[in-house]
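Asker:
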Amino acid sequence: MVKLGYIMEKKYFIVTYGCQMNVHESEKIAGILKEMGYSAAESENEADIIVFNTCCIRENAENHAFGNIGALKKRKRENPDLLICVGGCMMQEKDMPSVLRKKFPFVDVVFGTHNLYELPALIERRLSSKKRGVVSVLENEGGIVEGREPVRTSFPNAWVNINYGCNNFCTYCIVPYVRGRERSRRPEYILDEVKRLVEQGYKEITLLGQNVNSYGNDSGLMGFPELLDRVASVEGNFRLRFMTSHPKDFNEELVRIIAKHDKICNLIHLPVQSGSDRVLQRMNRRYTSGEYLEKVKMLRRIIPDAEITSDIIVGFPGETEEDFEETMRLVHEVNFASAFTFVYSKRKGTKAAEMPDQVPEEVQKERIMRLIELVNSQTREKSEKYVGKVVEILCEDFDAKKGYYLGRDVYGRMGYFKSEENKIGQFVKLKITEASGISLYGEEV
Ligand code: SF4
Numbered sequence: 167m168v169k170l171g172y173i174m175e176k177k178y179f180i181v182t183y184g185c186q187m188n189v190h191e192s193e194k195i196a197g198i199l200k201e202m203g204y205s206a207a208e209s210e211n212e213a214d215i216i217v218f219n220t221c222c223i224r225e226n227a228e229n230h231a232f233g234n235i236g237a238l239k240k241r242k243r244e245n246p247d248l249l250i251c252v253g254g255c256m257m258q259e260k261d262m263p264s265v266l267r268k269k270f271p272f273v274d275v276v277f278g279t280h281n282l283y284e285l286p287a288l289i290e291r292r293l294s295s296k297k298r299g300v301v302s303v304l305e306n307e308g309g310i311v312e313g314r315e316p317v318r319t320s321f322p323n324a325w326v327n328i329n330y331g332c333n334n335f336c337t338y339c340i341v342p343y344v345r346g347r348e349r350s351r352r353p354e355y356i357l358d359e360v361k362r363l364v365e366q367g368y369k370e371i372t373l374l375g376q377n378v379n380s381y382g383n384d385s386g387l388m389g390f391p392e393l394l395d396r397v398a399s400v401e402g403n404f405r406l407r408f409m410t411s412h413p414k415d416f417n418e419e420l421v422r423i424i425a426k427h428d429k430i431c432n433l434i435h436l437p438v439q440s441g442s443d444r445v446l447q448r449m450n451r452r453y454t455s456g457e458y459l460e461k462v463k464m465l466r467r468i469i470p471d472a473e474i475t476s477d478i479i480v481g482f483p484g485e486t487e488e489d490f491e492e493t494m495r496l497v498h499e500v501n502f503a504s505a506f507t508f509v510y511s512k513r514k515g516t517k518a519a520e521m522p523d524q525v526p527e528e529v530q531k532e533r534i535m536r537l538i539e540l541v542n543s544q545t546r547e548k549s550e551k552y553v554g555k556v557v558e559i560l561c562e563d564f565d566a567k568k569g570y571y572l573g574r575d576v577y578g579r580m581g582y583f584k585s586e587e588n589k590i591g592q593f594v595k596l597k598i599t600e601a602s603g604i605s606l607y608g609e610e611v
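Mind the numbering: the sequence shown is residues 167 to 611 in our numbering, read in order.
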């Protein structure tokens, strides 16, 4: 690791867009900058180096990033020593680094998702040369770098990558193009990391991968059910979650491991995306709605109190009213604990962006409103059943504006309560007095 003596006492600020994978990657970037001698800045204004960790899943996130990078132009002119670095998924898109350099020539370092750990060398190159703008984005994923400590920012929750990349090529998704093919970490590194986190007092660990179920397919060392079994066998008082599961690979062997361990939360995130077989096929999801429902039944047969959350896309190219009705029927039948609902948006470079029959925006909007209403009513109904019951939450934060401590139960519901003592990092039992949407309010018992 390059340590630059003359930047001691300087501060970093990281702006993160996108998913949990990116949030955790920003923790790794923070770890790299800390090793270089930087400390965390409270705000962008007091930072000496600003890193944008971008996302390209939706056009919105891209526009947002462009807007925020552009807003630094004046500050960079006033303070040429301010370092501006841009990394993340967006930089892996074809031609994007040159588009960015053209739009914002004041950016100092551009890097990709495959060479995060080169950041110190790239910063050094930028600092030691007069030439503005160092760009290094690798097309191929390369090996997995181990042994670097992230600066974790979500205590008592911790995120642990188990695999990277994706081989599935859903037709709407850019991830396989920007994150590369599946690569699994060796199980011993994952287990060591989890043991260390438990020793450090972390109480909730989430195993992360674009498709956790295909863990080990590339290395042949161990499959996901066995890995989950071993992680859940680590001693200590902690909860275990994982995401994301691809329905085509979600199987009984895995469910039996979930049932075997109390530590593994009985909340499964299983993105269905659509209830129409025609649309699922066009999405290249490689399961039918019938197969999805069979897996839901199998899960509930083995773990009767299991809850399911999902991702659903509305207005995929070619989606007819009938297709959408099938999605509504499936949502009725599964009765999700909650679901992230999205209006389909074109991603350049994906197959779906080239498909004919793009659904008009007004139709998409009308459909998503109906879907949101249905999902919200399911969530509300489930929340109301909590009133009068005692639930255990893991306290993770304090909302200073509202004056409430908050944390989630095993099913991901946010519980709010008042306390004179700092409860962050503790399991707290709450008697629920009120439910509002996915939020619960209660008193400590
Ligand atoms: S499984 Fe599909 S949606 Fe998920 S990351 Fe891979 S290609 Fe994208």
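Here a beta-carbon is modelled for each residue, glycine too, at the ideal position from N, C-alpha and C. All values derive from a computational prediction rather than experimental measurement.
Taking the alpha carbon of residue 421 as the reference point, which residue from 496, 390 and 444 has its own alpha carbon closest?
Answerer: The option with the nearest alpha carbon to residue 421 is 390.
Asker: Going by C-alpha to C-alpha distance, which of 563, 219, 376 and 550 sits closest to residue 251?
Answerer: Comparing Cα-Cα distances from residue 251 to each of 563, 219, 376 and 550, the minimum goes to 219.
Asker: Could you give the distance in angstroms between the alpha-carbon of residue 344 and the alpha-carbon of residue 556?
Answerer: So the two alpha carbons sit approximately 44 angstroms from each other.
Asker: Could you tell me which of 246, 353 and 337 sits nearest to residue 482, measuring between CA atoms?
Answerer: Measuring from the Cα of residue 482, the nearest candidate turns out to be 337.
Asker: Flag this pair as touching only if the segment 199-209 and the segment 229-239 have three or more C-beta atom pairs under 8 angstroms; answer yes or no.
Answerer: Output reads no: the segment 229-239 does not touch the segment 199-209.
Asker: How about residue 329: is its Cβ closer than 6 angstroms to a heavy atom in the ligand SF4?
Answerer: No - the ligand SF4 has no heavy atom lying nearer than 6 angstroms to the Cβ of residue 329.
Asker: What are the boundary residues of the alpha helix (DSSP H) that residue 226 is part of?
Answerer: From DSSP, the alpha helix (DSSP H) with residue 226 extends over 225-236.
Asker: From residue 348 to residue 309, what does the alpha carbon distance come to, in whole angstroms?
Answerer: Roughly 11 angstroms separates the two Cα atoms.
Asker: Terminal residues of the continuous alpha helix (DSSP H) containing residue 444?
Answerer: From DSSP, the alpha helix (DSSP H) with residue 444 extends over 443-448.
Asker: Output the residue ranges of the beta strand (DSSP E) runs that lie fully inside the segment 318-369 and measure 3 residues or longer, sorted by chain position.
Answerer: Correct list: 323-327.
Asker: What does a CB cutoff of less than 7 angstroms around residue 608 pick up in its chain, not counting 5 residues either side in sequence?
Answerer: These residues qualify, in order along the chain: 581, 583, 596, 597, 598 and 599.
Asker: Can you check whether the CB of residue 178 is closer than 7 angstroms to the CB of residue 213?
Answerer: In contact: residue 213 and residue 178 (Cβ atoms closer than 7 angstroms).
Asker: Kindly indicate which three-state DSSP category residue 565 falls into: helix, strand or coil?
Answerer: Three-state result, residue 565: strand.
Asker: How would the residue list near the ligand SF4 read, in chain order, if you kept each one whose beta-carbon is closer than 7 angstroms to any heavy atom?
Answerer: Going along the chain, the residues that qualify are 332, 334, 335, 336, 339, 341, 342, 376, 377, 410 and 412.
Asker: What number of angstroms, rounded off, separates the C-alpha of residue 187 from the C-alpha of residue 418?
Answerer: About 26 angstroms.
Asker: Which residues does DSSP list as the beta-bridge partners of residue 571?
Answerer: Residue 571 pairs with 564 and 583.
Asker: Have a look at 604, 300 and 281 and flag the residue whose alpha-carbon is nearest the alpha-carbon of residue 289.
Answerer: Here the closest residue by C-alpha is 300.
Asker: Within its chain, find whatever has a CB closer than 6 angstroms to the CB of residue 630; leave out the 5 residues flanking it on each side and keep chain order.
Answerer: Since the first residue of the chain shown is 167 and the last is 611, residue 630 is not available in this structure.
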